[in-house]
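Novice: Quick mapping for you: the protein sequence lines, in order, are chains A and B. Quick note on numbering: the first sequence equals residues 1 to 192 in the working numbering. Quick note on numbering: the second sequence equals residues 1001 to 1192 in the working numbering.
Protein chains: 2
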Amino acid sequence: MTDRLEAQLAFLREADRLKSVLRASRLIDGSRHENSAEHSWHIMLYALVLEEHADPQVRIDRVIRMLLLHDIVEIDAGDAPIHGQVDHAAMAAKENAAAQRLFGLLPADQAAEFRSLWEEFEAAQTPDAVFAKAVDRFQPPVANLASGGGTWRDYAVTLEQMDARVGHPVGRGAPALWRWLRPRLERFFSAV
Amino acid sequence: MTDRLEAQLAFLREADRLKSVLRASRLIDGSRHENSAEHSWHIMLYALVLEEHADPQVRIDRVIRMLLLHDIVEIDAGDAPIHGQVDHAAMAAKENAAAQRLFGLLPADQAAEFRSLWEEFEAAQTPDAVFAKAVDRFQPPVANLASGGGTWRDYAVTLEQMDARVGHPVGRGAPALWRWLRPRLERFFSAV
């Protein structure tokens, strides 16, 4: 029992480092970059509040668990900004190694369970994962619209890129949210 | 539908400010103070990982929802450090007003649901709330032990105060975690 608890606590202490992984996006007030731990908290809140916009098959508590775990690999692999230049194959390899090491700190049964939830999220095929991905892609544009552009200005993003990078996953997992977002993006990008 | 979604998004944008509410505690690496949003993420992870140490009646997904919402009132009311001097009646009044304003941004049905979960957490009477409180009080000492004292040094905390402020809620909601923690606290406090 003590060994098991020690393994759990080793994982939980290591998880503290997600608070130091910085994302490209900033807080709405512009004061600083957002970190991946507080981002994870925020999109879990998005999932809970916006549940009614998900497919009826979606089990929101599983989505929340997925989002709780989804960025932990970034402790080793770092954050890959959606609008940055990323070598996707190299990133996937780094994230797999990170999942191995980080979830591997846990007792074997929990390591397998968490890893499987994380892989389900990454694969984005089940209704729960599709909604989780939609929420993860929906929060940054809401923040950017509220703060006058945010990362879109940093990365010189175009509306066409938004349609591909945000429209596809959000439209697939939460069509009502994309219907809300699309005309606002169009207005923003036609003005810049 | 659009009015409803606008209300949900107003709440979610306002929630961004929880990332700027600083707690007394620091990250384990000592680099900076922790904020209440990333703290909320971390204790949700604690709850998920440590579920087996809860009473069998506890429904962990409800606990996770409670922890997701539990600090949102701090956007208006600020954080009350467990080892600081706090006027508890004044704080409760501020938090009630904060709950009214912040959850009140949501559609009425969600405002009522979230407020009720938050009140259940605060009252700490149901098995779910008792475990949620235990987890909320267990994470800071784990971090302090890992970082050589942290807030205990800042506030000149004694073992007797730890027994009252941490031992009571953790021992009640997760006795196995208190059995792990107590001898480590004793060792730490006998050495300072």
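Every residue gets a Cβ at the ideal spot worked out from N, C-alpha and C, and that includes glycine.
Between which two residues does the alpha helix (DSSP H) carrying residue 143 of chain A extend?
Specialist: Residue numbering aside, residue 143 of chain A sits at position 143 when the first sequence is read from its first letter. Per DSSP, residue 143 of chain A belongs to the alpha helix (DSSP H) from 127-146.
Novice: Quick check on DSSP: helix, strand or coil for residue 1032 of chain B?
Specialist: For the purposes of this step, residue 1032 of chain B is taken as the residue at position 32 of the second sequence. Coil at residue 1032 of chain B, not helix or strand.
Novice: What residue range is occupied by the uninterrupted beta strand (DSSP E) comprising residue 24 of chain A?
Specialist: Residue mapping note: residue 24 of chain A aligns to position 24 of the first sequence, counting from 1. From DSSP, the beta strand (DSSP E) with residue 24 of chain A extends over 22-26.
Novice: Would you mind reading off the limits of the alpha helix (DSSP H) that contains residue 14 of chain A?
Specialist: To locate residue 14 of chain A, count along the first sequence from 1; it is residue 14. Run containing residue 14 of chain A: 2-15, per the alpha helix (DSSP H) assignment.
Novice: Below 7 Å on C-beta distance, what does residue 1064 of chain B contact in chain A?
Specialist: The residue given as residue 1064 of chain B occupies position 64 in the second sequence. Residues of chain A passing the Cβ test: 64.
Novice: Could you compute how far the alpha carbon of residue 2 of chain A sits from the alpha carbon of residue 100 of chain A?
Specialist: Position 2 of the first sequence holds residue 2 of chain A. Position 100 of the first sequence holds residue 100 of chain A. The straight-line gap from Cα to Cα measures roughly 23 Å.
Novice: Leaving aside the five residues before and after residue 86 of chain A along the sequence, list all residues of the same chain whose C-beta is less than 6 Å from its C-beta, in chain order.
Specialist: Along the first sequence, one-based indexing puts residue 86 of chain A at 86. 80.
Novice: At a Cβ threshold of 8 Å, is residue 162 of chain A touching chain B?
Specialist: Counted from its first residue, the first sequence places residue 162 of chain A at position 162. Chain B, which has no Cβ nearer than 8 Å to the Cβ of residue 162 of chain A, makes this no.
Novice: Which residues, in chain order, does the region 1029-1063 of chain B contribute to contact with chain A at a C-beta distance below 8 Å?
Specialist: So the close ones are 1029, 1031, 1034, 1035, 1037, 1038, 1040, 1041, 1042, 1044, 1045, 1046, 1048, 1049, 1050, 1053, 1061.
Novice: Would you mind telling me which residues of chain A sit closer than 8 Å to residue 1013 of chain B, beta carbon to beta carbon, in chain order?
Specialist: Position 13 of the second sequence, counted from the first residue, corresponds to residue 1013 of chain B. Residues of chain A passing the Cβ test: 28, 142, 143, 146.
Novice: Taking 8 Å as the cut-off, decide whether the C-beta atoms of residue 1120 of chain B and residue 1126 of chain B are in contact.
Specialist: Here residue 1120 of chain B refers to the residue found at position 120 of the second sequence. Here residue 1126 of chain B refers to the residue found at position 126 of the second sequence. Contact: yes.
Novice: With 16 other CB atoms within 10 Å as the buried threshold, where does residue 1173 of chain B fall?
Specialist: If you number the second sequence from 1, residue 1173 of chain B lands on position 173. Residue 1173 of chain B comes out buried.
Novice: DSSP state of residue 1064 of chain B, grouped into three classes?
Specialist: Residue 1064 of chain B sits at position 64 when you count from the first residue of the second sequence. Residue state, collapsed to three classes: helix.
Novice: Is the region 14-27 of chain A close to the region 171-187 of chain A, with three or more CB pairs under 8 Å?
Specialist: These segments do not touch.
Novice: Helix, strand or coil for residue 81 of chain A? Go by DSSP, reduced to three states.
Specialist: Position 81 of the first sequence holds residue 81 of chain A. Residue 81 of chain A falls in the coil class under three-state DSSP.
Novice: Since residue 40 of chain A and residue 68 of chain A are thought to touch, with beta carbons under 8 Å apart, how far apart are those beta carbons, to the nearest angstrom?
Specialist: For the purposes of this step, residue 40 of chain A is taken as residue 40 along the first sequence, with counting starting at 1. For the purposes of this step, residue 68 of chain A is taken as residue 68 along the first sequence, with counting starting at 1. Residue 40 of chain A to residue 68 of chain A, Cβ: 6 Å. Contact.
Novice: Is residue 1140 of chain B near residue 1151 of chain B, with beta carbons less than 8 Å apart?
Specialist: Locating residue 1140 of chain B in the second sequence gives position 140, counting from the first residue. Locating residue 1151 of chain B in the second sequence gives position 151, counting from the first residue. Contact: yes.
Novice: So for residue 72 of chain A, helix, strand or coil by DSSP?
Specialist: Along the first sequence, read from residue 1 onward, the residue named residue 72 of chain A stands at position 72. Looking at residue 72 of chain A - three-state DSSP - the assignment turns out to be coil, as it is neither helix nor strand.
Novice: Going by beta-carbon coordinates alone, are residue 143 of chain A and residue 25 of chain A separated by less than 8 Å?
Specialist: As a first step, residue 143 of chain A is located in the first sequence; it is residue number 143 there, counting from the start. As a first step, residue 25 of chain A is located in the first sequence; it is residue number 25 there, counting from the start. Result yes, Cβ atoms of residue 143 of chain A and residue 25 of chain A sit closer than 8 Å.
Novice: Excluding the 5 residues flanking residue 1146 of chain B on each side, which residues of the same chain have their C-beta closer than 7 Å to its C-beta?
Specialist: Mapped onto the second sequence, residue 1146 of chain B falls at position 146. Same-chain partners within the cutoff: 1028.
Novice: Would you say residue 1129 of chain B and residue 1047 of chain B are within 8 Å of each other, going by their C-beta atoms?
Specialist: Within the second sequence, residue 1129 of chain B is the residue found at index 129, counting from 1. Within the second sequence, residue 1047 of chain B is the residue found at index 47, counting from 1. For residue 1129 of chain B and residue 1047 of chain B, no; Cβs fall outside 8 Å.
Novice: Have a look at residue 91 of chain A and residue 1105 of chain B and give me their C-alpha separation to the nearest angstrom.
Specialist: As a first step, residue 91 of chain A is located in the first sequence; it is residue number 91 there, counting from the start. As a first step, residue 1105 of chain B is located in the second sequence; it is residue number 105 there, counting from the start. For residue 91 of chain A and residue 1105 of chain B, the distance between alpha carbons rounds to 39 Å.
Novice: So, for residue 155 of chain A: in the same chain, excluding its five sequence neighbours on each side, which residues have a beta-carbon less than 6 Å away from its beta-carbon?
Specialist: Numbered from its first residue, the first sequence carries residue 155 of chain A at position 155. Answer for residue 155 of chain A: 83, listed in chain order.
Novice: Quick one: is the Cβ of residue 100 of chain A within less than 7 Å of any heavy atom of the ligand NAP?
Specialist: Within the structure as shown, the ligand NAP is missing, as the structure has no ligands at all.
Novice: Short check: CB of residue 1180 of chain B to CB of residue 1167 of chain B, under 8 Å?
Specialist: As a first step, residue 1180 of chain B is located in the second sequence; it is residue number 180 there, counting from the start. As a first step, residue 1167 of chain B is located in the second sequence; it is residue number 167 there, counting from the start. No, they are not a contact pair.
Novice: With DSSP as the reference, label residue 149 of chain A as helix, strand or coil.
Specialist: Along the first sequence, read from residue 1 onward, the residue named residue 149 of chain A stands at position 149. Coil.
Novice: I want to verify the contact list: residues of chain B whose CB lies under 9 Å from the CB of residue 185 of chain A, in sequence order.
Specialist: Position 185 of the first sequence, counted from the first residue, corresponds to residue 185 of chain A. The contacting residues do not exist; residue 185 of chain A stays about 14 Å from chain B at best.
Novice: Using DSSP with H/G/I as helix, E/B as strand and the rest coil, what is residue 1156 of chain B?
Specialist: As a first step, residue 1156 of chain B is located in the second sequence; it is residue number 156 there, counting from the start. In this structure, residue 1156 of chain B counts as coil in the three-state DSSP scheme.
Novice: Could you tell me the distance, in whole angstroms, from the CA atom of residue 7 of chain A to the CA atom of residue 188 of chain A?
Specialist: Along the first sequence, one-based indexing puts residue 7 of chain A at 7. Along the first sequence, one-based indexing puts residue 188 of chain A at 188. Their backbone Cα atoms lie some 48 Å apart in a straight line.
Novice: Exposed or buried, which one is residue 1033 of chain B when buried takes at least 16 other CB atoms within 10 Å?
Specialist: Start at 1 with the first residue of the second sequence, and residue 1033 of chain B comes out as number 33. Exposed, by the Cβ-count rule.
Novice: Determine, for residue 1016 of chain B, whether the minimum Cβ-Cβ distance to residues of chain A falls below 8 Å.
Specialist: Here residue 1016 of chain B refers to the residue found at position 16 of the second sequence. Cβ-Cβ to chain A under 8 Å: yes for residue 1016 of chain B.
Novice: Return the residues of the region 1101-1112 of chain B that lie within a Cβ-Cβ distance of less than 9 Å from chain A, sorted by chain order.
Specialist: Listed by position, the residues of the region 1101-1112 of chain B near chain A (Cβ gap below 9 Å) are 1106, 1110.
Novice: Which runs of the beta strand (DSSP E), 3 residues or longer, sit entirely within the region 1094-1121 of chain B?
Specialist: none
Novice: Which chain A residues sit within Cβ distance under 8 Å of residue 1267 of chain B?
Specialist: Summary: the structure shown does not reach residue 1267 of chain B, with chain B confined to residues 1001 through 1192, and so no result is reported for it.
Novice: Just the Cα atoms here: how many angstroms apart are residue 1110 of chain B and residue 74 of chain A?
Specialist: Working through the second sequence from its first residue, we reach residue 1110 of chain B at position 110. Working through the first sequence from its first residue, we reach residue 74 of chain A at position 74. Their backbone Cα atoms lie some 33 Å apart in a straight line.
Novice: How far does the alpha helix (DSSP H) with residue 170 of chain A in it extend, from its first residue to its last?
Specialist: Numbered from 1 along the first sequence, position 170 holds the residue referred to as residue 170 of chain A. Start and end: 168-173.
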